[in-house]
Amino acid sequence: MPIIEIEELSKLYGFGDATTVALDEVNLTIEKGEFIAVMGPSGSGKTTLMNILGLLDKPTHGGYILNGRNISKVSKNRQAKVRRDNIGFIFQSFNLLPKLTILENVALPLAYKGTRQTKRLKAASRVLEQVGLSDRDSYLPGQLSGGQLQRAAIARALVNNPSIIIADEPTGNLDSVSARVVMELLSEVHKLGNTVLMVTHNPSLTRYADRIIYMLDGGIVYDEASAIGEIPSRVQKAITALRLSDDDDKLATVSAMMETIPDTHKSPDPEDPKKKRKVVKKKRKARKQKKAKK
Amino acid sequence: MISEYFKMAIQSIRGARFRSGLTMFGIIVGVSSVVTIVSLGEGVRQQITAQSGSVGDSLIVVRPGKKTAARAISFDSLRNFTGGSGSLSEKDWQSTQKVPGVSSVAPVGTISGIASYEKNEYTGTIIASTADLPIFLNQSIEFGQFFSAQDSNKKVAIIGRDVAERLFEETVPIGKKLTIRGVDYIVAGVFEQQNSGTFAAINVNSAIVLPYESAKEISASIQILQLFVQAESPESVAKVSNDIRTTLIANHAGQEDFTVLEKEEALEATNEVFYQLTVFIAGVAFISFIVGGIGIMNIMFATVSERTREIGIRKAVGATNQQILGQFVMEAVVLSLVGGLLGIIVAMLANGIIRVTTDLQPVTTPSVALVVFGLSALTGVISGFLPAAQASRKDPITALR
Numbered sequence: 001m002p003i004i005e006i007e008e009l010s011k012l013y014g015f016g017d018a019t020t021v022a023l024d025e026v027n028l029t030i031e032k033g034e035f036i037a038v039m040g041p042s043g044s045g046k047t048t049l050m051n052i053l054g055l056l057d058k059p060t061h062g063g064y065i066l067n068g069r070n071i072s073k074v075s076k077n078r079q080a081k082v083r084r085d086n087i088g089f090i091f092q093s094f095n096l097l098p099k100l101t102i103l104e105n106v107a108l109p110l111a112y113k114g115t116r117q118t119k120r121l122k123a124a125s126r127v128l129e130q131v132g133l134s135d136r137d138s139y140l141p142g143q144l145s146g147g148q149l150q151r152a153a154i155a156r157a158l159v160n161n162p163s164i165i166i167a168d169e170p171t172g173n174l175d176s177v178s179a180r181v182v183m184e185l186l187s188e189v190h191k192l193g194n195t196v197l198m199v200t201h202n203p204s205l206t207r208y209a210d211r212i213i214y215m216l217d218g219g220i221v222y223d224e225a226s227a228i229g230e231i232p233s234r235v236q237k238a239i240t241a242l243r244l245s246d247d248d249d250k251l252a253t254v255s256a257m258m259e260t261i262p263d264t265h266k267s268p269d270p271e272d273p274k275k276k277r278k279v280v281k282k283k284r285k286a287r288k289q290k291k292a293k294k
Numbered sequence: 001m002i003s004e005y006f007k008m009a010i011q012s013i014r015g016a017r018f019r020s021g022l023t024m025f026g027i028i029v030g031v032s033s034v035v036t037i038v039s040l041g042e043g044v045r046q047q048i049t050a051q052s053g054s055v056g057d058s059l060i061v062v063r064p065g066k067k068t069a070a071r072a073i074s075f076d077s078l079r080n081f082t083g084g085s086g087s088l089s090e091k092d093w094q095s096t097q098k099v100p101g102v103s104s105v106a107p108v109g110t111i112s113g114i115a116s117y118e119k120n121e122y123t124g125t126i127i128a129s130t131a132d133l134p135i136f137l138n139q140s141i142e143f144g145q146f147f148s149a150q151d152s153n154k155k156v157a158i159i160g161r162d163v164a165e166r167l168f169e170e171t172v173p174i175g176k177k178l179t180i181r182g183v184d185y186i187v188a189g190v191f192e193q194q195n196s197g198t199f200a201a202i203n204v205n206s207a208i209v210l211p212y213e214s215a216k217e218i219s220a221s222i223q224i225l226q227l228f229v230q231a232e233s234p235e236s237v238a239k240v241s242n243d244i245r246t247t248l249i250a251n252h253a254g255q256e257d258f259t260v261l262e263k264e265e266a267l268e269a270t271n272e273v274f275y276q277l278t279v280f281i282a283g284v285a286f287i288s289f290i291v292g293g294i295g296i297m298n299i300m301f302a303t304v305s306e307r308t309r310e311i312g313i314r315k316a317v318g319a320t321n322q323q324i325l326g327q328f329v330m331e332a333v334v335l336s337l338v339g340g341l342l343g344i345i346v347a348m349l350a351n352g353i354i355r356v357t358t359d360l361q362p363v364t365t366p367s368v369a370l371v372v373f374g375l376s377a378l379t380g381v382i383s384g385f386l387p388a389a390q391a392s393r394k395d396p397i398t399a400l401r
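Quick note, the sequences are listed as chains S and E, same order.
Numbering-wise (this note's numbering), the first sequence opens with residue 1 and increments by one.
Numbering-wise (this note's numbering), the second sequence opens with residue 1 and increments by one.
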């Protein structure tokens, strides 16, 4: 059984002519143990998708099945509880509470679950050991480096044994060395059997993922499996293109990458969402058939 | 979960000590002023109660004038009787003495007149009474002694502290003569300073007490302001006071133009002024309580918008709206409870200072402290609720942005 199944999921903002389609009838299935990298330019709907998957937001239409239960229309209260028990968040800006110690921060999700203090601090310290921060558990977030903070945040995401870890640009605020440490840790977490969904602008990070999704204009335009440790050829091309253009702008990176994807940009009418979806549907069909063969 | 909210509240209050202190300040002022003022009122009340003297619970007081409605004659209306025509006569006094169960009676008669000594003059309360009066006033004689039953014809006077100081310009004028309407009286005793409110409308400090019989030489008609009656036992008070009433109605040709008060009622009548004052000042103090509550609300609103990100993080890790609400309400409650506690401590200190520097003896009863403490908790809940509701409604996505 897949962990997450979303069907024809749409998210609209505004009314009338001002309506913005953030997500346009997206279909996505996530199996246990996958490490998915979601890429796409700003405004492509990555964040919206992540918010809906993370139960911070509700879809306008469509179904969201998490662990076999349809939760697309549950109350905010229920949403919070499902989020508490099934989702672990890792943010670009760490989002640790500055006045709590690292240990207390990591234990926070369990506090809302009603776990007793001694028990949850014990659990938190166990996870901190996993991420290699045991010796920093009584520090305040302000006393740690960015890389350490992000490792603490990963510990917090892990503490409630979530069904899926959602990471939003986890290395966006880090220098390359810290970024590497954090990504290695995330990769290890993945290897322990956790499911990870990571939104990133950085194509080179796709080497940690075993599945890559590209989004554009609220839809998934490309969805391909990729071997861990390898950067898919298309992404590779994009990186090369980036080096040639000598442009540091991340948005440009992604646009460059998009240009290398023939299915989207070379389609005769990129504005026609139906056609785009057909492309995706074809791919999905192909994937299913592959699976069936296996 | 409550204890969890409590821990979180302590954490965030500790995290912002200065601001929390400022927030509490309003409540501290409110609570300490309420407690101090109520304590003062209670202290005065207890002092007056203590003044009913050795007679204690067996006290009955007869006063002229009809008791109106449920309320006994007030202090003010009683004072007005001083100049008016009293409806109690010497005959009433004597027949009261004959009522079975009465062990002693002391009349409080008043005479208008000015006392003089050498060139000094003094307008005080000239009281004609008997040797039994001291048992009704819880007021000891500091110098000399009160006249005895045998002295009722002698021209002696027992004077208050104020009289001694103003008329004689000394504290112990014993043996000196004062003159009232040409009659000389020898000072035989000086009352101890009376510190607090007057019991039974007698201000001892400015009183000149004369033996009833010898006072008749100044004035043939003495207005009897009140009769202090001691019943044989506290249990018989109700019966005796009823008998007195019946006897006096017969004396007054069937008219009940007087009032018989038992101890509680007598105190009520004289204390009413203090009660009203206490209620009034406590009301004023309550306003500062409300202001304190609004202060908390104000700061909580500011806190909520400042901590938007924190709220977003807490929600992202799974806090429900109710949990956020609970946490913020608890914060306001803890703030106001700590404020309340500090306020009570400040009030205790203030009471101590009042005790040392003045003659007042403020008393803080546990019930007052408890009520005020409860009220500050309530203030916390009320003033914390709206900001907390705002916090709980915040959208996690916007809050995290």
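For each residue, glycine too, the CB sits at the ideal point set by N, CA and C.
Check your understanding: What residue range is occupied by the uninterrupted alpha helix (DSSP H) comprising Arg355 (chain E)?
Key -> On the second sequence, position 355 is the one that residue 355 (chain E) refers to. Residues 321-357.
Check your understanding: Under 8 angstroms between C-beta atoms, does Ser12 (chain E) make it to chain S?
Key -> The sequence position of residue 12 (chain E) within the second sequence is 12, counting from 1. At least one chain S Cβ lies under 8 angstroms of Ser12 (chain E).
Check your understanding: Looking at the unbroken alpha helix (DSSP H) that takes in Thr96 (chain E), where does it start and where does it end?
Key -> Taking the second sequence and counting its residues from 1, one reaches residue 96 (chain E) at position 96. Segment 90-98, the alpha helix (DSSP H) holding Thr96 (chain E).
Practice item. Starting from the beta carbon of Lys394 (chain E), find every residue of chain S whose beta carbon is closer than 7 angstroms, and list them in chain order. Key: The residue you call residue 394 (chain E) lines up with position 394 of the second sequence. What Lys394 (chain E) touches in chain S: nothing, since even the nearest Cβ is about 11 angstroms away.
Point to revise | Buried versus exposed, by CB contacts within 10 Å (16 or more), His190 (chain S) | key: For the purposes of this step, residue 190 (chain S) is taken as residue 190 along the first sequence, with counting starting at 1. Answer is buried; the Cβ neighbour count reaches 16.
**Study point:** Positions along the segment 275-293 of chain E whose CB lies within less than 7 angstroms of some CB in chain S
**Key:** none
**Study point:** alpha helix (DSSP H) segments (min. 4 residues) lying fully within the segment 70-145 of chain S
**Key:** 76-86, 102-113, 117-130
Check your understanding: How about Ala347 (chain E): is its C-beta nearer than 8 angstroms to some C-beta of chain S?
Key -> Within the second sequence, residue 347 (chain E) is the residue found at index 347, counting from 1. With 8 angstroms as the cut-off, Ala347 (chain E) does not count as an interface residue toward chain S.
**Study point:** Within chain E, the residues that Phe89 (chain S) reaches when beta carbons sit closer than 8 angstroms
**Key:** On the first sequence, residue 89 (chain S) is found 89 positions in, with the first residue counted as 1. Simply Ala316, Val317.
Practice item. Measure the beta-carbon distance from Gln194 (chain E) to Gln145 (chain E) and round it to whole angstroms, keeping in mind my assumption that it falls under 8 angstroms. Key: Here residue 194 (chain E) refers to the residue found at position 194 when the second sequence is read from its first residue. Here residue 145 (chain E) refers to the residue found at position 145 when the second sequence is read from its first residue. Their Cβ separation, rounded to whole angstroms, is 18 angstroms, which puts Gln194 (chain E) and Gln145 (chain E) out of contact at 8 angstroms.
**Study point:** Partners in chain E for Ser81 (chain S), counting only beta-carbon separations shorter than 9 angstroms
**Key:** Locating residue 81 (chain S) in the first sequence gives position 81, counting from the first residue. Reading off the sequence, residue 81 (chain S) comes out as Lys, not Ser. Residues of chain E passing the Cβ test: Gly318, Thr320.
Review point. Can Val44 (chain E) and Ile344 (chain E) be called in contact, C-beta distance under 8 angstroms?
Key: Within the second sequence, the letter at position 44 stands for residue 44 (chain E). Within the second sequence, the letter at position 344 stands for residue 344 (chain E). Taking 8 angstroms as the Cβ cut-off, Val44 (chain E) and Ile344 (chain E) do not qualify as a contacting pair.
**Study point:** chain E within 8 angstroms of Lys76 (chain S), Cβ atoms only
**Key:** Working through the first sequence from its first residue, we reach residue 76 (chain S) at position 76. Chain E, which has a Cβ nearer than 8 angstroms to the Cβ of Lys76 (chain S), makes this yes.
Check your understanding: Are the CB atoms of Gln11 (chain E) and Leu100 (chain S) nearer to each other than 8 angstroms?
Key -> Counted from its first residue, the second sequence places residue 11 (chain E) at position 11. Counted from its first residue, the first sequence places residue 100 (chain S) at position 100. Contact flag set, yes.
**Study point:** Cutoff 8 angstroms: Gly114 (chain S) Cβ touching any chain E Cβ
**Key:** Walking along the first sequence from the start, residue 114 (chain S) turns up at place 114. It does: the Cβ of Gly114 (chain S) has a partner Cβ on chain E nearer than 8 angstroms.
Practice item. Give a yes or no on whether 8 angstroms exceeds the smallest Cβ distance from Thr19 (chain S) to chain E. Key: If you number the first sequence from 1, residue 19 (chain S) lands on position 19. With 8 angstroms as the cut-off, Thr19 (chain S) does not count as an interface residue toward chain E.
Exercise for review: Mind reading off the beta-carbon distance from Ile166 (chain S) to Leu53 (chain S)? Whole number of angstroms is fine, and I expect it under 8 angstroms.
Suggested key: Residue 166 (chain S) sits at position 166 when you count from the first residue of the first sequence. Residue 53 (chain S) sits at position 53 when you count from the first residue of the first sequence. With a Cβ gap of about 6 angstroms, Ile166 (chain S) and Leu53 (chain S) count as contacting.
Check your understanding: So, is His61 (chain S) buried or exposed, given that buried needs 16 or more other C-beta atoms within 10 angstroms?
Key -> Within the first sequence, residue 61 (chain S) is the residue found at index 61, counting from 1. By the neighbour-count rule (16 or more Cβ atoms within 10 Å), His61 (chain S) is not buried but exposed.
Check your understanding: Given a threshold of 16 other Cβ atoms within 10 Å of its Cβ, counted over all protein chains shown, does Ser233 (chain S) qualify as buried or as exposed?
Key -> What you label residue 233 (chain S) is simply residue 233 of the first sequence in a count that begins at 1. Answer is exposed; the Cβ neighbour count stays below 16.
Point to revise | Leu12 (chain S) to Thr20 (chain S) span [Cα, whole Å] | key: Counting from one through the first sequence, the residue named residue 12 (chain S) turns up at place 12. Counting from one through the first sequence, the residue named residue 20 (chain S) turns up at place 20. Straight-line Cα distance between these residues: approximately 6 angstroms.
Check your understanding: With respect to the alpha helix (DSSP H) encompassing Asp243 (chain E), which residues constitute its N-terminal and C-terminal limits?
Key -> Your numbering for residue 243 (chain E) matches position 243 in the second sequence. It spans 237-251 - the alpha helix (DSSP H) in which Asp243 (chain E) sits, taken as one unbroken run.
Point to revise | Helix, strand or coil at Ala22 (chain S) according to DSSP, with G and I counted as helix | key: Taking the first sequence and counting its residues from 1, the one referred to as residue 22 (chain S) is at position 22. If DSSP states are grouped into helix, strand and coil, Ala22 (chain S) belongs with the strands.
Review point. Rounded to a whole number of angstroms, what is the C-alpha to C-alpha distance between Ser33 (chain E) and Pro387 (chain E)?
Key: In the second sequence, the residue the question calls residue 33 (chain E) occupies position 33. In the second sequence, the residue the question calls residue 387 (chain E) occupies position 387. Roughly 27 angstroms between the two C-alpha positions.
Exercise for review: Give the range of the beta strand (DSSP E) segment to which Leu205 (chain S) is assigned.
Suggested key: Working through the first sequence from its first residue, we reach residue 205 (chain S) at position 205. Element bounds for Leu205 (chain S): n/a, residue is neither H nor E.
Exercise for review: Measure the Cβ-Cβ separation of Tyr212 (chain E) and Ser148 (chain E) and say whether it is below 8 angstroms.
Suggested key: If you number the second sequence from 1, residue 212 (chain E) lands on position 212. If you number the second sequence from 1, residue 148 (chain E) lands on position 148. Cβ distance not < 8 angstroms, so Tyr212 (chain E) and Ser148 (chain E) don't count as in contact.
Point to revise | Reference Gln276 (chain E); option with closest CA among E:Thr357, E:Leu40, E:Gln223, E:Ala350 | key: Position 276 of the second sequence, counted from the start, is the residue given in the question as residue 276 (chain E). The shortest C-alpha separation from Gln276 (chain E) is found at E:Leu40.
Check your understanding: Are the beta-carbon atoms belonging to Phe449 (chain E) and Val62 (chain E) less than 8 angstroms from one another?
Key -> What is shown of chain E runs 1 to 401, which leaves residue 449 (chain E) out entirely.
Point to revise | Residue ranges of each beta strand (DSSP E) within the segment 170-229 of chain E, 3 or longer | key: 177-180, 183-191, 207-211
Practice item. Would you check if the distance between the CB atom of Gly219 (chain S) and the CB atom of Val74 (chain S) is smaller than 8 angstroms? Key: Counting from 1 along the first sequence, the entry for residue 219 (chain S) is found at position 219. Counting from 1 along the first sequence, the entry for residue 74 (chain S) is found at position 74. Cβ distance not < 8 angstroms, so Gly219 (chain S) and Val74 (chain S) don't count as in contact.
Review point. Over what stretch of residues does the alpha helix (DSSP H) that includes His190 (chain S) continue unbroken?
Key: Taking the first residue of the first sequence as position 1, residue 190 (chain S) is located at position 190. Unbroken alpha helix (DSSP H) run through His190 (chain S): 176-191.
Practice item. Look up Ile213 (chain S) in the DSSP assignment and say whether it is helix, strand or coil. Key: Numbered from 1 along the first sequence, position 213 holds the residue referred to as residue 213 (chain S). Three-state result, Ile213 (chain S): strand.
Check your understanding: How big is the Cα-Cα spacing for Val304 (chain E) and Phe15 (chain S)?
Key -> As a working note, residue 304 (chain E) is residue 304 in the second sequence. As a working note, residue 15 (chain S) is residue 15 in the first sequence. Approximately 30 angstroms between the Cα atoms of the pair.
Check your understanding: Helix, strand or coil for Glu34 (chain S) per DSSP?
Key -> Position 34 of the first sequence holds residue 34 (chain S). Three-state DSSP puts Glu34 (chain S) in coil, outside helix and strand.
Check your understanding: Buried or exposed: which applies to Pro98 (chain S), given that a residue is buried once 16 or more other Cβ atoms fall within 10 Å of its Cβ?
Key -> Here residue 98 (chain S) is taken as the residue at index 98 of the first sequence, counted from 1. Burial call: exposed.
Check your understanding: Looking at Asn194 (chain S) and Asp85 (chain S), is the spacing between their C-beta atoms short of 8 angstroms?
Key -> For the purposes of this step, residue 85 (chain S) is taken as the residue at position 85 of the first sequence. For the purposes of this step, residue 194 (chain S) is taken as the residue at position 194 of the first sequence. Not a contact, by the Cβ cut-off of 8 angstroms.
Check your understanding: Would the beta-carbon of Ile27 (chain E) fall within 8 angstroms of that of Ser241 (chain E)?
Key -> Locating residue 27 (chain E) in the second sequence gives position 27, where the first residue counts as 1. Locating residue 241 (chain E) in the second sequence gives position 241, where the first residue counts as 1. Cβ atoms of Ile27 (chain E) and Ser241 (chain E): not closer than 8 angstroms.
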